Every structure is written in C-alpha cells, then in structure tokens.
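Student: Input: one structure, supplied below.
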Amino acid sequence: MEEQSAISSRDLAIGFRSAGRRRASLTVADHIDINLRRGEVVCLLGPNGSGKSTLIRTLAGLHAPLDGNIYLSGEHITDLSVKEISRRVSTVLTDRLTIGNISVYDLVAFGRSPYTGWFGSLSPEDEERVAWAIESAGIAHLRERDVLHLSDGERQKVMIARSLAQDTSAILLDEPTAHLDLPNRVATIRLLRALAHETGKAVLLSTHELDLALKAADTLWLLNQKGRITAGTPEDLVLDGTFEAVFEQAGFDFDRSTGSVRLHEPSRGPVFLSGDPTGTFWTRRALERSGYRVNESEKGDIRIEIAVNQRICGFSWIIQCRGDAYSHSSVRELLVELSRLDEAKDAP
Amino acid sequence: MGDQLSNNGIRSQGKVHPLYFLGLTSAVAILFVLNLSLGSVSIPFPELLDILMGGEAGNTAWEKIVINIRLPRAATAVMAGSALAVSGLLMQTLFRNPLAGPSVLGITAGASLGVAVVMLAAGSITTVFAIRQLSVLGSGVIILAASVGSAVVLLLILLISLKVRDNITLLIIGLMVGNMTIALVSIWQYFSRPEQIQDYLIWTFGSLGGVSLGQLWVLGVVTVAGGGIAMVLSKPLNGLLLGKNYARSMGIPVSRARLWIIISTSLLAGGITAFCGPIGFVGIAVPHLTRSLLGTNEHRVLIPGTLLMGALLLLACDIIAQMPGSTITLPISAVTSMIGSPVVIWVIIRRKNLKAAF
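So the protein lines, in turn, are chains A and B.
Residues in the first sequence are numbered from 5 upward in steps of one, following the working numbering.
Residues in the second sequence are numbered from 13 upward in steps of one, following the working numbering.
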C-alpha cells in the first residue's frame, strides 16, 4: 500500500508567511493528512478561498509549507532537489500563458526538462516520450500549431500533454476545467480519468464545480472554510452529510436527493409528481426553479401525472387539483396553469 | 541546431533554421566588409581586400585607416549589436514583458552616472581639455568610470534580487533605481558648466568609433562571456517562458537561473555601454525581429539568431550613420532609433498581435 502512495502528508499546515519582521503567518488549512494514491483521480473540492490552490502549490513544492511533512513517493520533500521533485510531480496551473511563437511540439517538449542535459537537447527516448504524450492527450493534429492560436480547451490539453511528457507519478491540476465549455470539460475529465486508470498515475484536480467533482472523482477531498480536509468516496461524503455541511458553511444549499445545489428557496407547493422518470426529472427542475416544493409523498393539493404520448412522440401533463383535472402538452403551459391555480386558491 | 526533433517527419522548429542562419551569417559578413569599405577616405575595394587578407597594399595610410580605425569600429558594431540584442532578449524573457530591454535594471543608467561623475567632476578639478589631451588614457578613464558605475548598480540590483522573489517587483525596482541614477546625473549637470555638459551629452549619443584596437579584446572577452552564459541559460530561459511556477515545476532552479540571467545581462549591457555609450533600441527591437523571422521562442535557436540579427542591424545602422558620400557622421543611437522604430511598428502591425511578436 505504501509504495502505491504518490503524495502523502502528515500534519501539514499550509498558508502564507508574511514578509514582515514579526514572523506572523496566515494559516489557510492545517492538520492535513492526505494520501494520493496511484491510479486514482482525486477531486479537491472547496468553496472559493478555502485554499485549494495553495494546497496544490504546496504539494507540488512550489510553495513552502508552514508546518508538517510532505512525502513524494515515500521520500520527504525537503530531501529532494527541485529536479528530483519535478520527476515526481508535474502541475497544470492557473497561470495564464502569454507567449506565442512556440509550437505545440516544442512546448510539450519543455516537459522533458527534468531529464535533459544542460542544453535541453532531446534524446531519442525523450522524443518518444513527447510523441506519446501528444498522442495520449489527443492533440496530434495540433503538433505544428503556434500555441497562441489555440482555443482554451486545446491549450489545456497541451499543458496536460506537457505534464505527461514530464513522466511523473502524480499530476496536480489547479482548476483545469475553468474557462472551458461543456464538451471540452467532459473531454478533459475523460482524458484525466483514462490516464489515471491506464497509466497508473495519481491525478489530483481542484475544482469548485460540485457536479463535476461528484462525477469525476474516485476520491473526494473536501476542504471546508475552516481549513479542515475530509477525504472519502464522493457518494459516502454525500450520504453521511459531510458534503452538505461544507457547502452550507459557504452559503450553498446542497440537495442530497438530487445531488445538486438548490438555487431557490421553495415558497409554493407542495406538488407531487408521478409518471415517466425522464419527464419527472425535468418537470421537477422547472417546478423548483419556479419556487415549488416537490414532495416525496402524495400529501398536498396538487398532483401531476406525466405521461408519454405515443401518438405525437411527446409528453403530456395532467394536473389534479381539488377534484379538477387539467391536461397540458408543455412545461410552459403547465407552469402558467399552476400559477393560475395558485391565484385562484389565494383569491377567495 | 537542426539535428534534434527532426526525425519521423516532424516539421520541427529546428529543421527550417539552418538556411536562416546561413543567410544571416552571410548578411553579417557582407555588411561587415561593406562597413570597412566606407568612410571619409575612399579606398578601392580590391586594395581593401588585400589589406584584410595579408596586408601588402603598398599604401600604409590606407592600411592604418583600415586596421586601426575601420576594423575596430566594425568589430565593435558586431559585438555591441549582438550583446545588446541578447541582453534585451534575456530581460524580455525573465520579466515576460515585450517592452523590457537592457536598460530596465538600471545598469545603463549606472554607466551614465559613472561617466557623468568623471566628466563633470574631473572638469572642476582639472579641465576637460586635459582629459582630451590624454586621449587614449582619457577614453580609458571613461570606460573605467562607466564600468564602475554599472557594476555598482548591478551589485545593488543583485542584492535586491536576493531579497525580492517576485520578478515584477524586481522590474519596478530596477526602473526606479535607474530613475534615481538619472536624477543624480541631472543634479550634477545642473551645477556643471555648459562645456562639461556638452562633453557628457556627446557621450550619451553613443559611438562605435571610440574603441581602439588595443581595447577591442576587452570588449570581446566581455561579449563572449556574457553571450556564452546566455547560451548556457537556454534551457532555464525556455522554462521561464511559461512563468516562474511552471519553470520550477519542470525542475529548473529559478533563483539561480535568475541570478545568472542578471549577471549575463549586466556584463553585456554594462560592458557595451561602458565602451560605446548608451545605444538605444537594439536591445528591445532585435529580439522581436528575430522572433518574427524565425517564428520561434525556443531559446536554443533564438539566442544565436538574436546575436546575428543584432550584429546585422547595428552594422547596417552604422553604415547609414556614416552617411556614405558625405563627411558627416550621425550619432549612432539616433540612427538605431530612427531606423529601428518604424521596422518594429511594421512587424507588429503585420502580425496584427503584440503577443505574437513576443
């Protein structure tokens, strides 16, 4: 088990030492005991300002810890030189690239720095490794392109390829999916998962997107605003309420039953839904957005039955309310009808 | 340069370069000879070649002119152009700022202060006339003063750089130190006599003709040392293109690299300013021109390219400064800026993107 560990920490405290004479320091998080295993995708999740970036930079040796120990493949980080660290951990940071006039191939080849000589010339093995990294990241068609002319998603893949070329047991990525659209986000996560599982690398990525973290992570590290980290399988953390608690502190309202964040306080309803599952799922979202409480039980005035209408290949909604029944063929109509019913109820 | 990355059909940056380098080298050689053939005394081209090859031209006056005046001047142009261009490149990469140049660390200003102290203070003790009479010794004194001035500022910047980790902070401190140094010079000028100020002003125009054959080797040693350090720094410089954090995460000892970058820049910029006075524009513009021409930021290619391009540009500017066909010589610094600025504007507009030029 121990040799499977790419990065681990004992009683680690992270934060900033102030430059002033009074050695005062700002602790962001402490008592961190984590273990990043090979072949595993870990999402580091926490509200903004909880110290995700600081933790990633500290684990990568880019930022000095305030206290405690970090071990890279079992060796203490302070016993390792910058070069030795760079052979164990590679990073994809949020630092923006501002250069052009460099080809994708050359940029990925920079990832071989820890292995090349003083002049940085690539050996045949280095070239092979760079070619493999480019292939694995799925950017072979971009090889000759100037990095300046890449889209955000492509650039992110290039930076991932560069960290692959670095041939480390762990890759740490700080917000790799920020600024990416949905297809690129999915592609990036797929790539990272494939890498972790096929090449046995440990992948740690920070994000503040709940949905993504819940879907992508083998293990979740939850960093709360008090600087405490809880690790576990995402579903366990949801079921035991840790997840909810962390986000409640940050002012989110996480709904355990849907796995998403509630945007609106329910003020109307309750409404009971039954029928086709897909139809129910989307109707529920529309109702919650409009401020209805959707009930698990049949109690309440309003019941909506959702049916798939075979003839017109669409859905139909039948509202039953105080003995009356109304049929509708779109969610919009349904919502209009519901607010009319609400007004009618309030009026007399 | 072209031996790496070139197999299995990859059109690497390295593969297209040998031709460019051949072209640049020949252009430098041609301009070098052209530069030697121009001057107030016209020497027929065959005789010029004879003098350069073996030296039995039969006309000792021509021989003296070529060997003692024109050759040092052209060689100085080559070294000054290369050195200033590379030091500018180092600063642009270190600070990741397309507007950085050799003067941003205040080293050029330090040289100016040194010269100002000697010229303006010496004037009050002896006379400028005395320094002029000492001629060679006098220029030696000025070179020494400029070297001491830039060395003092260099040491100051090095000390600060050990304390300050952030590059942008260092850049601003460098600029401020430069400003303070220039302010000192202004104060000194204010209390000096007009003749003294005139001498100083002439020095600030820059000159490639002030280096004698005997001093040339000193300039050579400084340029080769500074340029050699820069070449050795290619790998860290490539890493720094991605910023300090990425460089470190790729195993590059950033603090040490930064120290050597500053040392190399100081040697190059300080040395050239000491011998030739401040020559503007070359340091900022040549790296951009070279990037545009070679289409790469890979320093293993960019540094040699910048060396050649710098030499080429300053030789060309010197030819223009000598105004062929007339007896007037224009100040070199003015010519470099007059010729160079439109070129840079053209390059940047053509690329339609300032970042692309960086």
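Ideal Cβ placement from N, Cα and C applies to all residues, glycine included.
Since the structure is predicted, the reported quantities are computational estimates derived from the model, not experimental observations.
(1) Using a threshold of 8 Å, state whether the C-beta atoms of ALA123(B) and TRP200(B) are closer than that.
(2) Between which two residues does the beta strand (DSSP E) harbouring GLN229(A) extend?
(3) Where does VAL80(A) land, buried or exposed, given buried means 16+ other C-beta within 10 angstroms?
(4) Cα separation between TRP272(B) and LEU106(B)?
(5) Please name the residue, chosen from ASN80(B), THR277(B) and ALA286(B), that lies closest to VAL160(B) on a Cα-to-Cα basis.
(6) Any chance you could list the alpha helix (DSSP H) runs of at least 4 consecutive residues sitting entirely within the region 178-212 of chain A, in chain order?
(7) Find the residues of chain B that neighbour GLN160(A), judging by a C-beta separation of less than 9 Å, and give them in chain order.
(8) By the criterion of Cβ-Cβ separation under 7 Å, what are the contact partners of ASN309(B) in chain A?
(9) Beta-carbon of PRO7(B) versus every beta-carbon of chain A: anything under 8 Å?
(10) For SER13(A) and ARG42(A), I'd like the C-alpha separation in whole angstroms.
(11) Using 8 Å as the Cβ pair cut-off and three pairs as the minimum, do the region 164-179 of chain B and the region 326-333 of chain B touch?
(12) Are the Cβ atoms of GLY204(A) and THR223(A) separated by less than 8 Å?
(13) Starting from VAL112(A), find everything on chain B with Cβ-Cβ shorter than 8 Å and list it in chain order.
(14) Can you look up PRO58(B) in the DSSP assignment and give me helix, strand or coil?
(15) Checking 8 Å against the spacing of the C-beta atoms, do ARG374(A) and GLY295(A) come in under that value?
(16) Quick check on VAL32(A) - is its C-beta less than 8 Å from some C-beta in chain B?
(17) Residues bridged to VAL298(A) by DSSP?
(18) Pick from GLY263(A), ALA311(A), ALA348(A) and LEU241(A): whose alpha carbon is nearest that of SER334(A)?
(19) Does any C-beta atom of chain B lie closer than 8 Å to the C-beta of THR95(A)?
(20) Taking 8 Å as the CB-CB limit, is LYS205(A) close to chain B?
(21) To the nearest angstrom, how far is the alpha carbon of MET103(B) from that of LEU186(A)?
(22) Do we get a CB-CB distance below 8 Å when we pair ALA68(A) with the residues of chain B?
(23) DSSP three-state call for LEU254(B): helix, strand or coil?
(24) Does any C-beta atom of chain A lie closer than 8 Å to the C-beta of MET262(B)?
(25) PHE123(A) versus chain B: which residues are under 9 Å apart at the beta carbon?
(26) Would you list the one or two residues that DSSP bridges to ALA329(A)?
(27) What residues of chain A sit near GLY239(B), judged by a beta carbon separation below 7 Å?
(28) On a CA-only basis, which of HIS311(B), SER267(B), GLY232(B) and MET131(B) is nearest PRO206(B)? Give me that one, please.
(29) Cβ of LEU125(B) within 8 Å of Cβ of VAL197(B)?
(30) Note down the Cα distance separating ILE55(B) from GLY222(B), rounded to an integer number of angstroms.
(31) Closer than 8 Å by beta-carbon distance: list the chain B residues that pair up with PRO118(A), in chain order.
(32) For the region 278-296 of chain B against the region 232-242 of chain B, are there 3 or more C-beta pairs whose distance is under 8 Å?
(33) With DSSP as the reference, please indicate the residues paired to GLY19(A) in a beta bridge.
(34) Which residue from VAL40(B), GLY317(B), GLN334(B) and LEU34(B) puts its Cα closest to that of SER246(B)?
(35) Say whether chain A places a C-beta atom closer than 8 Å to the C-beta of GLY226(B).
(36) Provide the residue span of the beta strand (DSSP E) that contains ARG92(A), from first to last.
Tutor: This is what the structure gives:
(1) In this structure, TRP200(B) does not lie closer than 8 Å to ALA123(B) by Cβ.
(2) For GLN229(A), no beta strand (DSSP E) run applies, since DSSP gives it neither H nor E.
(3) It should be noted that the sequence gives His, not Val, for residue 80(A). With fewer than 16 Cβ atoms within 10 Å of its Cβ, HIS80(A) is classed as exposed.
(4) TRP272(B) and LEU106(B): Cα-Cα distance of roughly 11 Å.
(5) Nearest of ASN80(B), THR277(B) and ALA286(B) to VAL160(B), Cα basis: ALA286(B).
(6) You should have 186-203.
(7) None at all; the shortest Cβ gap to chain B is about 14 Å.
(8) Here the neighbours are ILE103, ASN105 and ILE106.
(9) Residue 7(B) falls outside the range modelled here, since chain B spans only 13 to 370, and no answer is possible.
(10) Distance between the alpha carbons of SER13(A) and ARG42(A) is about 15 Å.
(11) Proximity of the region 164-179 of chain B to the region 326-333 of chain B falls short of the contact definition, fewer than three beta-carbon pairs being nearer than 8 Å.
(12) Contact annotation: GLY204(A) and THR223(A) have beta-carbon atoms that are not nearer than 8 Å.
(13) What VAL112(A) touches in chain B: nothing, since even the nearest Cβ is about 11 Å away.
(14) The DSSP-derived three-state label of PRO58(B) is helix.
(15) Residue numbering for chain A in the displayed model covers 5 to 352; residue 374(A) lies beyond these limits and cannot be assessed.
(16) It does not: the Cβ of VAL32(A) has no partner Cβ on chain B nearer than 8 Å.
(17) When DSSP reads this structure, VAL298(A) sits in a beta bridge with VAL275(A).
(18) It is ALA311(A).
(19) True, the Cβ-Cβ gap to chain B drops below 8 Å.
(20) For LYS205(A), no Cβ of chain B is located within less than 8 Å of the residue's own Cβ.
(21) Straight through space, the alpha carbons of LEU186(A) and MET103(B) are spaced by roughly 39 Å.
(22) So, not an interface residue.
(23) In the structure shown, LEU254(B) sits in coil (DSSP, three-state: anything other than H, G, I, E or B).
(24) Answer yes: the Cβ-Cβ gap between MET262(B) and chain A drops below 8 Å somewhere.
(25) Ordered by position in chain B, the residues that pass the 9 Å Cβ test against PHE123(A) are MET243, VAL244, SER246, LYS247 and ARG312.
(26) In the DSSP output, where bridge partners are listed per residue, ALA329(A) has GLN324(A).
(27) Within chain A, no residue comes near GLY239(B); the closest Cβ sits about 15 Å away, beyond 7 Å.
(28) Of the candidates HIS311(B), SER267(B), GLY232(B) and MET131(B), the one whose C-alpha sits nearest the C-alpha of PRO206(B) is MET131(B).
(29) A contact, by the Cβ cut-off of 8 Å.
(30) When the Cα atoms are used, ILE55(B) and GLY222(B) turn out to be separated by approximately 21 Å.
(31) In chain order: MET262 and GLY263.
(32) These segments touch.
(33) Per DSSP, THR31(A).
(34) Among VAL40(B), GLY317(B), GLN334(B) and LEU34(B), the Cα nearest to that of SER246(B) is on GLY317(B).
(35) Taking 8 Å as the CB threshold, GLY226(B) stays off the interface with chain A.
(36) It is not in any beta strand (DSSP E) - ARG92(A) carries neither H nor E in the DSSP assignment.
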